[in-house]
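Undergrad: Yeah, the sequence shown ends on 319 if you go by this note's numbering, and it's all consecutive.
Next up is a structure, given as structure tokens.
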Amino acid sequence: MYKVLRKERLTPKAVLLEVQDERAKLVKPGQYALVQANEESEPIPLSFLDVKESSYTFLVEVGGRATLEIAELVEEKIQFIEAPCGSPFPVKNYGKVLLISKNWGVAPLINIGRALKEESNEIYFVHVAEDEERVFLTKEASEISEEFLLFTEDGSLGEEGNSEWALGYFIENFGKPDLIVSAGSNLDSQMINRFAEERNIPHIAMVNAHILDANGLCLACRVLVEGQEKLACIDGPWFDASKVDWDYAIQKEAFYKEEEEKALKTFLRELQRLKARGR
Ligand code: FES
């Protein structure tokens with residue numbers, strides 16, 4: 041069991057969760073943890089946002105049953121955490137770096153953005169959210185950036201636009217970056233990658249995959265990189281986006297969609313019953 045030090049609701053769709061764990065000192069930029077709310081919950085990967093000596097903080101955006109369980113039911117303890125997991129981000133001096141996040145992707149990009157800034161990179165940040173309920177941590181993102189730009193796809197906050205539009209706007213107004221880093225959506229990273237390739241801009245992306253054990257045994261998280269099978273849980277989550285087979289990654293991501301929707305509906309009914317009983 042892991043002690044929850046702080047739980048803060050950011051929007052109806054997201055919470056921040058700070059957890060005590062001595063392994064925090066081992067965490068490197070860009071890594072993640074496998075988190076299981078309680079015994080029956082599905083373990084899910086969560087990227088680190090802030091890391092201190094003996095605690096770390098996650099942004100939890102509600103998307104399915106497992107994240108809803110954390111957002112609604114976790115108060116004092118987390119059942120299980122495997123950490124740190126994955127390969128760290130290749131932190132070095134690239135020059136002018138554009139971080140472009142979709143929804144929850146803002147958290148891992150703030151985490152690596154801080155490390156990249158320490159290496160004297162010039163950081164620009166573009167956050168694209170589906171709607172205003174998925175706009176998070178704008179102050180933290182602004183603090184590490186020369187410029188922070190906010191877009192929502194429905195125009196409810198900031199400028200209206202999707203990732204491709206936002207990227208075009210950025211390049212028109214701030215010039216070409218030396219590196220683009222994206223996180224939060226395979227679909228958006230694919231779109232960004234087409235744009236980056238046309239303009240010859242290096243692009244590193246976080247690939248989202250089904251991570252079940254995070255130790256290379258179940259093979260559920262396979263992705264294709266330059267035609268070779270790689271494991272997102274240990275080789276990733278960061279890959280050279282120009283080498284990733286994005287169609288394959290997107291297809292695999294959608295594989296359990298139906299089951300996930302059913303699980304979410306069942307849990308929502310359970311949650312209503314728990315709330316009606318005054319939990
Ligand atoms: S999550 Fe099982 S091998 Fe990667």
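All C-beta atoms in this analysis are idealised placements derived from N, C-alpha and C, irrespective of residue type, glycine included.
On a predicted model such as this, the values are computed, not experimentally measured, just so you know.
Roughly how far, in whole angstroms, is the beta-carbon of F129 from the beta-carbon of W278, given that I think they are within contact range, below 8 Å?
TA: For this step, residue 129 is matched to residue 89 along the sequence shown. For this step, residue 278 is matched to residue 238 along the sequence shown. Yes, they are in contact, since the Cβ atoms of F129 and W278 sit about 5 Å apart, within 8 Å.
Undergrad: Is K117 helix, strand or coil by DSSP?
TA: Against the sequence shown, residue 117 aligns to sequence position 77. Three-state DSSP puts K117 in a strand.
Undergrad: Would Q71 and G153 be called neighbours here (beta carbons separated by less than 7 Å)?
TA: Within the sequence shown, numbered from 1, the residue matching residue 71 stands at position 31. Within the sequence shown, numbered from 1, the residue matching residue 153 stands at position 113. No, they are not a contact pair.
Undergrad: Grab me the residues of L252's own chain with a C-beta within less than 6 Å of its C-beta, minus the 5 sequence neighbours each way, in chain order.
TA: Taking the sequence shown and counting its residues from 1, one reaches residue 252 at position 212. Same-chain partners within the cutoff: C258, A260.
Undergrad: Q60 to H250, Cα distance in whole Å?
TA: The residue given as residue 60 occupies position 20 in the sequence shown. The residue given as residue 250 occupies position 210 in the sequence shown. The straight-line gap from Cα to Cα measures roughly 26 Å.
Undergrad: For V175, collect the residues of the same chain with a Cβ closer than 8 Å to its Cβ; drop the 5 residues on either side in sequence, then sort them by chain order.
TA: For the purposes of this step, residue 175 is taken as residue 135 along the sequence shown, with counting starting at 1. Answer for V175: T51, H167, A169, L190, T192, L197, G198, listed in chain order.
Undergrad: Assuming contact is defined by CB atoms lying nearer than 7 Å, are A223 and P148 in contact in what I supplied?
TA: Reading the sequence shown from its first residue, position 183 is the one you call residue 223. Reading the sequence shown from its first residue, position 108 is the one you call residue 148. Contact flag set, yes.
Undergrad: At a threshold of 6 Å, does G276 count as lining ligand 1 (C-beta to nearest heavy atom)?
TA: The count along the sequence shown starts at 1 and reaches residue 276 at position 236. Result no, Cβ not under 6 Å from ligand 1.
Undergrad: In whole angstroms, give me the CA-to-CA distance for P124 and C273.
TA: Position 84 of the sequence shown, counted from the first residue, corresponds to residue 124. Position 233 of the sequence shown, counted from the first residue, corresponds to residue 273. Cα-Cα distance, rounded: 11 Å.
Undergrad: Pick helix, strand or coil for R49, following the three-state DSSP scheme.
TA: By 1-based counting over the sequence shown, the position of residue 49 is 9. Correct three-state label for R49: strand.
Undergrad: Any idea which residues DSSP pairs H243 with across the strands?
TA: Position 203 of the sequence shown, counting from 1, holds the residue named residue 243. Partner(s): I220.
Undergrad: Looking only at its chain, what residues have a beta carbon closer than 6 Å to the beta carbon of D228, apart from the 5 residues adjacent to it on each side?
TA: Mapped onto the sequence shown, residue 228 falls at position 188. K142, S203, listed in sequence order.
Undergrad: Quick check: what's the CA-CA separation for L138 versus I244?
TA: Translated into positions along the sequence shown, residue 138 becomes position 98. Translated into positions along the sequence shown, residue 244 becomes position 204. Spanning the two alpha carbons is a distance of roughly 10 Å.
Undergrad: Which one or two residues does DSSP pair with W205 in a beta bridge?
TA: Here residue 205 refers to the residue found at position 165 of the sequence shown. Its beta-bridge partners do not exist; DSSP assigns none.
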